[in-house]
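Undergrad:
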Amino acid sequence: MNLLKNMRTAWIKPAQVNFQNLMFWVPSFEVLEPLLASIEQVGILNPPVVKGDEYNIFSPILGRRRLQVAAALKFESVEVRIADSSLNDDDKYLMAFWDNFARIKQDPAVKAHTIKRLLELFSREILAKNILPFIDTPPRGPKLERLRKIGGLENNILEAISDGKIQEKSAILFAELPFNERQAVFKLVCNLGLNSNKAFEIISSLFDLSILWKKPVTDLLSDPDAVRILDDSVLSAQERASAFRDSLKSWKHPYIYEKQKGFEGWAREIHPPENVRMRPAQSFEDDSVSIEMRLDSRAEAEKFLTVIDQYKKETPGKAND
6 MNLLKNMRTA
16 WIKPAQVNFQ
26 NLMFWVPSFE
36 VLEPLLASIE
46 QVGILNPPVV
56 KGDEYNIFSP
66 ILGRRRLQVA
76 AALKFESVEV
86 RIADSSLNDD
96 DKYLMAFWDN
106 FARIKQDPAV
116 KAHTIKRLLE
126 LFSREILAKN
136 ILPFIDTPPR
146 GPKLERLRKI
156 GGLENNILEA
166 ISDGKIQEKS
176 AILFAELPFN
186 ERQAVFKLVC
196 NLGLNSNKAF
206 EIISSLFDLS
216 ILWKKPVTDL
226 LSDPDAVRIL
236 DDSVLSAQER
246 ASAFRDSLKS
256 WKHPYIYEKQ
266 KGFEGWAREI
276 HPPENVRMRP
286 AQSFEDDSVS
296 IEMRLDSRAE
306 AEKFLTVIDQ
316 YKKETPGKAN
326 D
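Going by the working numbering, the first residue of the sequence shown is number 6, and it counts up by one from there.
As structure tokens, then:
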């Protein structure tokens, strides 16, 4: 089916466009400024496609951003193409899908939102045959369900996913939280300026503790220790983030946390050289210590190994310590 057939051209006022109608919306998290500069200089070269109603109000199908720029620039009128009224809304959404295909395939947030919308409009059989193979998505299974859940998240979180500030595994945890809880956690990781890995560490810790203690995440964030750290205006965002991550570790794994602090205190007391790093055993299963040393030359490495060899000879009982 040719979805673009039987269109007619018309000129409409930007005030006639219903931007609140998101029926055919495919997200775009790019800033409008470059498009605005282009349209301001050369105009709209490719007329947007809209759906009209009996009240002469038009809903964007293709070119929503172009119409938004036209409204921002206070255009008196805009040339548009009005979709054939014989097409149903599912077909009109397919027009938006194919028009934004490259972005849907490349941007994980746009892809998730689009898959959720497609699952609302079409049977899985139709999607499996005609659409999902083109965006590298299996027609069923956990990956599809994960994307569907992520696609239902709010736009501020989807935008963070698009920007790489939130990983897919963090988004899945957000999808499991009630609206007020996930927004509280999202605001927290934004305020602390965390990268995606550290954001996941905090999100997953709060999620796990919420299940373990059977408390809403908002209750955890209201804990006096958490409030004291997060509201400390003397500390920088980075310092508050570090202190809060430590606090979460102490809540989640108190035994390991205490062992870690003890080990760090011991390491500071013995003042190792700057080129030496010491690591405890995994999860402090025993008292062994791994020592990493960076040397500037092979000659220094040979000298160091000679000293170690001499130590082994002098202390045979500790040769393998």
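For each residue, glycine too, the CB sits at the ideal point set by N, CA and C.
Nearest by alpha-carbon distance to GLY146: which of LEU158, ALA133, PHE139 and GLY157 is it?
TA: Residue ALA133 is the option with its Cα nearest to GLY146.
Undergrad: Where do the ends of the alpha helix (DSSP H) carrying ARG273 lie?
TA: That run of the alpha helix (DSSP H) goes 259-275.
Undergrad: Should the segment 275-293 be regarded as contacting the segment 245-265, the criterion being three or more beta carbon pairs within less than 8 Å?
TA: With the cut-off at 8 Å, the segment 275-293 and the segment 245-265 touch.
Undergrad: Cutting at 7 Å between CB atoms, please list the residues of its own chain near ASP237, excluding the five before and the five after it.
TA: Correct list, in chain order: ARG245.
Undergrad: Would you call the segment 224-234 and the segment 164-174 touching, i.e. three or more CB-CB distances under 8 Å?
TA: No, they do not touch.
Undergrad: Could you say if the segment 179-195 and the segment 60-80 meet the contact criterion of at least three C-beta pairs nearer than 8 Å?
TA: The segment 179-195 vs the segment 60-80: no contact.
Undergrad: Measure the C-alpha to C-alpha separation of GLN111 and LEU27 and round it to an integer number of angstroms.
TA: Cα to Cα, GLN111 sits roughly 21 Å from LEU27.
Undergrad: If contact is defined by three or more beta carbon pairs under 8 Å, each pair taking one atom from either stretch, is the segment 98-112 in contact with the segment 77-87?
TA: Touching, no.
Undergrad: Rounded to whole angstroms, what's the CA-CA distance from VAL22 to ARG71? Just pull it up for me.
TA: Cα-Cα distance, rounded: 12 Å.
Undergrad: Just how far apart, CA to CA, sit LYS308 and ARG273?
TA: Rounded to whole angstroms, LYS308 to ARG273 spans 26 Å at the Cα level.
Undergrad: Alpha carbon to alpha carbon, how far is ILE207 from LYS154?
TA: One C-alpha to the other measures close to 20 Å.
Undergrad: Between the Cα of LEU163 and those of VAL31, LYS317, ASP301 and ARG299, spot the shortest distance and give me the residue it belongs to.
TA: Residue VAL31 is the option with its Cα nearest to LEU163.
Undergrad: Out of curiosity, what's the CA-to-CA distance linking SER33 and ASP292?
TA: Between SER33 and ASP292, the C-alpha separation is close to 53 Å.
Undergrad: Give a yes or no on whether the C-beta atoms belonging to ASP89 and ASN11 are separated by under 9 Å.
TA: Yes. Within cutoff.
Undergrad: Distance check for MET283 and ASP326, CA to CA, integer angstroms please.
TA: Low per-residue confidence applies at ASP326: pLDDT is 47, beneath 50, and the placement is therefore not dependable, though the value from the model is reported in the following sentence. Cα to Cα, the separation comes out at about 14 Å.
Undergrad: Thinking just about the alpha-carbon of each residue, which of ARG151, ASP314, LEU37 and PRO52 is nearest to the one in THR14?
TA: Of ARG151, ASP314, LEU37 and PRO52, the residue nearest in Cα terms is PRO52.
Undergrad: Excluding sequence positions up to five away, which residues of its chain have a Cβ less than 7 Å from the Cβ of LYS254?
TA: Within the same chain, LYS254 has close Cβ partners TYR262.
Undergrad: Does the beta-carbon of PRO19 have 16 or more other beta-carbons within 10 angstroms, so that it is buried, or is it exposed?
TA: Per the 10 Å Cβ criterion, buried.
Undergrad: From ALA77 to GLN188, what distance separates their C-alpha atoms?
TA: Using only the alpha carbons, I get a separation of about 30 Å.
Undergrad: Mind pulling the alpha helix (DSSP H) runs of 4 or more residues that sit fully within the segment 15-60?
TA: Fully enclosed alpha helix (DSSP H) runs of 4 or longer: 38-47.
Undergrad: Cutting at 7 Å between CB atoms, please list the residues of its own chain near LEU123, excluding the five before and the five after it.
TA: Counting only Cβ-Cβ distances below 7 Å, and skipping sequence neighbours, we find LEU132 and ILE136.
Undergrad: Rounded to whole angstroms, what's the CA-CA distance from LYS318 to GLU279? Just pull it up for me.
TA: Near 27 Å, if we compare the C-alpha coordinates of GLU279 and LYS318.
Undergrad: With a threshold of 6 Å on Cβ separation, who are the neighbours of PHE212 within its own chain once the five nearest residues in sequence on each side are excluded?
TA: Answer for PHE212: LEU178, listed in chain order.
Undergrad: Using only the alpha-carbon positions, how far apart do PRO277 and LYS257 sit?
TA: So the two alpha carbons sit approximately 30 Å from each other.
Undergrad: Identify whether GLU206 lies in helix, strand or coil by the three-state DSSP scheme.
TA: The answer is helix: DSSP assigns GLU206 an H, G or I state.
Undergrad: Which term fits ILE109, buried or exposed, when burial requires 16 or more other beta carbons within 10 angstroms of its beta carbon?
TA: The residue is buried, with at least 16 neighbouring Cβ atoms inside 10 Å.
Undergrad: Whole angstroms are fine: how far does the CA of LEU41 sit from the CA of LEU119?
TA: Strictly speaking, residue 119 in this sequence is Thr, with Leu absent from that position. THR119 and LEU41: Cα-Cα distance of roughly 25 Å.
Undergrad: Looking only at its own chain, which residues have a Cβ that is under 7 Å from the Cβ of ASP94, when we skip the five neighbours before and after it?
TA: Correct list, in chain order: MET28.
Undergrad: If you draw a straight line from the alpha carbon of PHE249 to that of ILE234, how long is it in whole angstroms?
TA: If I take the Cα positions, the gap works out to 6 Å.
Undergrad: First and last residue of the beta strand (DSSP E) that includes SER167?
TA: First-last for SER167: 160-167, but that is the alpha helix (DSSP H), not the beta strand (DSSP E).
Undergrad: For ASN200, collect the residues of the same chain with a Cβ closer than 6 Å to its Cβ; drop the 5 residues on either side in sequence, then sort them by chain order.
TA: Excluding sequence neighbours, ASN200 sits near nothing in its chain.
Undergrad: In three-state terms, what does DSSP make of SER90?
TA: Reduced to three states, the DSSP call for SER90 is coil.
Undergrad: Which residue spans inside the segment 178-245 form an unbroken beta strand (DSSP E) run of at least 3?
TA: Counting only runs of 3 or more, we get nothing.
Undergrad: Can you tell me whether GLU173 is helix, strand or coil according to DSSP?
TA: Residue state, collapsed to three classes: helix.
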